[in-house]
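Student: Pasting in a structure now, in C-alpha cells, and then I'll have a few things to ask.
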Amino acid sequence: MTTLTDRPRTALLVVDVQQGVVDGAHERDAVVSRIATLVERARAAGTPVVWVQHSDDELEAGSPAWQYVPELSRLDSEPLVAKRYGDSFEDTTLEGELASAGVGHLVVAGAESDACIRSTIHGAFTRGYDVTLVGDAHTAGDKSEWGAPSVPDVVAHTNLYWSFQAAPGRTAQVLDAADVSFPA
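Just so we're aligned: the sequence shown equals residues 55 to 238 in my numbering.
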C-alpha cells in the first residue's frame with residue numbers, strides 16, 4: 055500500500071476535462087460520461103473529488119476554452135487545483151489538499167492521456183501514492199500529424215504500461231470505470 059503514513063483515504067482526481075482540452079478528443083462524450091458517473095459514485099461514497107484545471111499561454115485562465123466541460127459540475131466544497139505544468143503536483147496546492155484529507159490512493163481520470171495524465175500518475179507514484187488509472191476514462195486529441203500514434207493506441211499503451219508499473223510499497227493498477235469502487 056501507499057508509502058504515505060496515516061493516509062488511508064482514496065480520492066478521485068479529475069484532470070483537465072476542460073472545453074479547449076477535450077474538444078475533438080477521442081471518444082470525448084463517452085469519456086466525459088464515465089467521468090461524470092465516477093464523480094457521482096465518489097460523492098455518494100463520501101470519497102473526496104479533487105479537480106485540476108490547467109492554464110498556460112495557449113489555454114488562458116478565464117477563457118471559454120479554459121472552462122470545465124458543462125457535463126461536469128464541481129461542488130464548492132470540492133478542491134480546485136490550478137496548474138501550469140503537466141504534473142498536477144508541480145508548483146500547485148494538490149499535495150496539501152490530499153494531505154489534509156488523509157489521501158494516499160488516487161483514482162485518476164481526465165485528459166490528456168499522453169501529457170497531463172501520464173505526468174500526473176507518474177508524479178503521484180513517485181511521491182508515494184497508490185495510483186489507479188481509470189482505463190476507459192482518459193482521452194487525448196489527435197497528434198498524429200506530429201508523428202504521434204493514434205489516440206486509441208496512446209490510450210491502450212498508457213493503460214498497458216501503467217498496469218505493469220511497480221515500486222516498493224506502492225500499487226499501480228488500471229481499472230475500467232465500471233470496476234472502480236470507492237470505499238465507504
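Every residue, glycine too, gets a C-beta built ideally from N, C-alpha and C.
(1) On a Cα-Cα basis, can you pick out the residue from Asp-145, Ser-198, Ala-232 that is closest to Val-188?
(2) By the DSSP assignment, the beta strand (DSSP E) with Arg-63 in it spans what residues?
(3) What is the rounded straight-line gap between the Cα of Thr-180 and the Cα of Glu-199?
(4) According to DSSP, simplified to helix, strand and coil, what is Gln-227?
(5) Any Cβ of chain D within less than 7 Å of the Cβ of Arg-138?
(6) Taking 6 Å as the cut-off, does the CB of Asp-111 come closer than this to any heavy atom belonging to the ligand MG?
(7) State buried or exposed for Ser-131, treating a residue as buried only when at least 16 other CB atoms are found within 10 Å of its CB.
(8) Closest to His-262 by C-alpha separation, out of Tyr-139, Glu-125, Arg-82, would be which residue?
(9) Express the C-alpha separation of Ala-119 and Glu-149 in angstroms, rounding to a whole number.
(10) Excluding sequence positions up to five away, which residues of its chain have a Cβ less than 6 Å from the Cβ of Gly-177?
(11) What residue from Thr-59, Leu-113, Val-106, Ile-89 has the CA that sits closest to Asp-145's CA?
(12) Can you tell me whether Thr-59 is buried or exposed? The criterion is at least 16 other CB atoms within 10 Å of its CB, across all chains shown.
(13) Please work out which residues of its chain come closer than 6 Å, Cβ to Cβ, to Cys-170, disregarding the five sequence neighbours upstream and downstream, and give them in chain order.
(14) What's the C-alpha gap between Ala-226 and Tyr-215?
(15) Which residues does DSSP list as the beta-bridge partners of Gly-164?
(16) Using only CA atoms, which one of Glu-125, Ser-154, Val-104 lies nearest to Lys-137?
(17) Helix, strand or coil for Tyr-122? Go by DSSP, reduced to three states.
(18) For my contact list, Phe-65 and Pro-102 are in at a C-beta cut-off of 8 Å; report their separation, rounded to the angstrom.
(19) Quick one: residues in its chain with C-beta nearer than 8 Å to the C-beta of Val-123, no 5 flanking neighbours on either side, listed in chain order?
(20) Please state whether the Cβ-Cβ distance between Arg-63 and Val-157 is less than 7 Å.
Tutor: Here's the rundown:
(1) Within the sequence shown, residue 188 is the residue found at index 134, counting from 1. From the listed residues Asp-145, Ser-198, Ala-232, the smallest Cα separation to Val-188 is found for Ala-232.
(2) Taking the first residue of the sequence shown as 1, we reach residue 63 at position 9. Counting along the chain, the unbroken beta strand (DSSP E) around Arg-63 starts and ends at 63-69.
(3) Translated into positions along the sequence shown, residue 180 becomes position 126. Translated into positions along the sequence shown, residue 199 becomes position 145. If I take the Cα positions, the gap works out to 32 Å.
(4) In the sequence shown, counting from the first residue as 1, residue 227 sits at position 173. For Gln-227, the secondary structure class from DSSP, reduced to helix, strand or coil, is strand.
(5) The structure shown contains no chain D, having only a single protein chain.
(6) This structure simply doesn't include the ligand MG, nor any ligand for that matter.
(7) Numbered from its first residue, the sequence shown carries residue 131 at position 77. Classification for Ser-131: exposed.
(8) Residue 262 lies beyond the stretch modelled for the chain, which goes from 55 to 238, so this question has no answer here.
(9) As a first step, residue 149 must be located in the sequence shown, where it is residue number 95. As a first step, residue 119 must be located in the sequence shown, where it is residue number 65. In a straight line, the C-alpha of Glu-149 is about 26 Å away from that of Ala-119.
(10) Translated into positions along the sequence shown, residue 177 becomes position 123. Within its own chain, the residues whose Cβ lies closer than 6 Å to the Cβ of Gly-177, once the five positions on either side in sequence are excluded, are Asp-141, Phe-143, listed in chain order.
(11) One-based indexing of the sequence shown puts residue 145 at position 91. Across the set Thr-59, Leu-113, Val-106, Ile-89, the C-alpha of Val-106 shows the shortest separation from the C-alpha of Asp-145.
(12) Residue 59 sits at position 5 when you count from the first residue of the sequence shown. Its Cβ having fewer than 16 others within 10 Å, Thr-59 is exposed.
(13) Sequence index remark: in the sequence shown, residue 170 carries index 116 (1-based). Cβ neighbours of Cys-170 beyond the five flanking positions: Val-69, Asp-70, Gly-140.
(14) For the purposes of this step, residue 226 is identified with residue 172 of the sequence shown, where counting begins at 1. For the purposes of this step, residue 215 is identified with residue 161 of the sequence shown, where counting begins at 1. Rounded to whole angstroms, the separation of the alpha carbons of Tyr-215 and Ala-226 is 10 Å.
(15) Taking the first residue of the sequence shown as 1, we reach residue 164 at position 110. Under DSSP, Gly-164 takes part in a beta bridge, and its partners are Val-69, His-192.
(16) On the sequence shown, residue 137 is found 83 positions in, with the first residue counted as 1. Proximity to Lys-137 across Glu-125, Ser-154, Val-104 peaks at Val-104, based on C-alpha coordinates.
(17) The count along the sequence shown starts at 1 and reaches residue 122 at position 68. It is a strand residue.
(18) Within the sequence shown, numbered from 1, the residue matching residue 65 stands at position 11. Within the sequence shown, numbered from 1, the residue matching residue 102 stands at position 48. In the sequence under discussion, the amino acid at residue 65 is Ala, which differs from the Phe named in the question. A Cβ-Cβ distance of about 4 Å is found for the pair Ala-65 and Pro-102, placing them in contact under the 8 Å criterion.
(19) Reading the sequence shown from its first residue, position 69 is the one you call residue 123. Correct list, in chain order: Val-71, Gln-72, Gln-73, Val-76, Val-86.
(20) The count along the sequence shown starts at 1 and reaches residue 63 at position 9. The count along the sequence shown starts at 1 and reaches residue 157 at position 103. Taking 7 Å as the cut-off, the Cβ atoms of Arg-63 and Val-157 count as close.
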